[in-house]
Amino acid sequence: WCVSIAHVRDGDITVGVIYNPVTDDLYAAQRGCGATWNGAPLRISGAQRLDEGLTGLGCSARTTPEDLGLIAERLRAAGGLFHRCGSGALTLAYVATGQLIGYVEMHINAWDCLAAILLVEEAGGVSNPFLAEHGVTGGGRIVAGAPAVYDQLVDLLP
């Protein structure tokens, strides 16, 4: 679990902060100013393929066991492995630090990902247009990660 706060102005995430009270880690980003982890600059993984690192895999009650299994199966077929910590915001923060190469979830709510999306983007990663897809009002899918593996992450989804 964590505290995740984002500021959105005119459809753009401008500031994002995630705090993990268990580890006392603070992740912060401001649009155009980069992202930090406890004050140190963040940089996304340089992975080129899914078999070059761990991918975060999220799920909610809206994700069927069949869809979750299919995503994991496709990831394994590509030579990749998955990581799951139970917090979309923290897992996306781990992507921003380069510890994970990407993150996929069929449905996530805005409060669980907006701050982290900005972290990933400011660390040099890419994300699907969550806000453009009505993410604030209804949630939606999230795909985020290192630029070279982004399309491979998208291909994992059913």
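Numbering (the numbering used here), first residue to last: 75 to 232.
All C-beta atoms, glycine included, are put in the ideal place defined by N, C-alpha and C.
These numbers were taken from a predicted model, which means no experiment stands behind them.
Of the listed residues D186, G199, G132, nearest to S78 (C-alpha basis)
Within the sequence shown, residue 78 is the residue found at index 4, counting from 1. Ranking the options by Cα distance to S78, first place goes to D186.
Measuring straight from C-alpha to C-alpha, what distance separates L128 and L205?
Walking along the sequence shown from the start, residue 128 turns up at place 54. Walking along the sequence shown from the start, residue 205 turns up at place 131. Distance between the alpha carbons of L128 and L205: 26 Å.
Based on Cα-Cα distance, which residue from W75, H81, L231, A102 lies nearest to P95?
Counting from 1 along the sequence shown, the entry for residue 95 is found at position 21. Ranking W75, H81, L231, A102 by Cα distance to P95 puts W75 first.
So which of L164, H157, G172, G213 has the shortest CA-CA distance to T97?
On the sequence shown, residue 97 is found 23 positions in, with the first residue counted as 1. Comparing Cα-Cα distances from T97 to each of L164, H157, G172, G213, the minimum goes to L164.
Exposed or buried, C107, counting other C-beta atoms within 10 Å across all chains shown (16 or more means buried)?
Translated into positions along the sequence shown, residue 107 becomes position 33. Answer is exposed; the Cβ neighbour count stays below 16.
Assuming V228 and V217 make a contact with CB atoms under 8 Å, what is their CB distance in whole Å?
As a working mapping, residue 228 is identified with position 154 in the sequence shown. As a working mapping, residue 217 is identified with position 143 in the sequence shown. Confirmed, Cβ separation roughly 5 Å.
Just tell me which of T171, G143, R123, V194 has its CA closest to the CA of G153.
For the purposes of this step, residue 153 is taken as the residue at position 79 of the sequence shown. Here the closest residue by C-alpha is R123.
Within 10 Å of its beta-carbon, does G147 have 16 or more other beta-carbons around it, so buried, or fewer, so exposed?
Here residue 147 refers to the residue found at position 73 of the sequence shown. Note on identity: in this sequence residue 147 is Glu, with Gly being the wrong assignment. The residue is exposed, with fewer than 16 neighbouring Cβ atoms inside 10 Å.
Assuming E195 is part of the alpha helix (DSSP H), what are its boundary residues?
Numbered from 1 along the sequence shown, position 121 holds the residue referred to as residue 195. Segment 188-196, the alpha helix (DSSP H) holding E195.
Per DSSP, what kind of secondary structure is L124 in: helix, strand or coil?
Stepping through the sequence shown from its first residue, residue 124 is reached at position 50. Three-state result, L124: helix.
For the beta strand (DSSP E) that I175 lies in, which residues bound it at each end?
Locating residue 175 in the sequence shown gives position 101, counting from the first residue. Taken as a continuous stretch (DSSP letters only), I175 belongs to no beta strand (DSSP E), as it is neither H nor E.
Can you tell me which of the three DSSP states R83 falls into?
Within the sequence shown, residue 83 is the residue found at index 9, counting from 1. Strand at R83.
I think L193 touches L174, with their Cβ atoms under 8 Å apart; what is that distance to the nearest whole Å?
By 1-based counting over the sequence shown, the position of residue 193 is 119. By 1-based counting over the sequence shown, the position of residue 174 is 100. Actually they are not in contact, since the Cβ atoms of L193 and L174 sit about 12 Å apart, beyond 8 Å.
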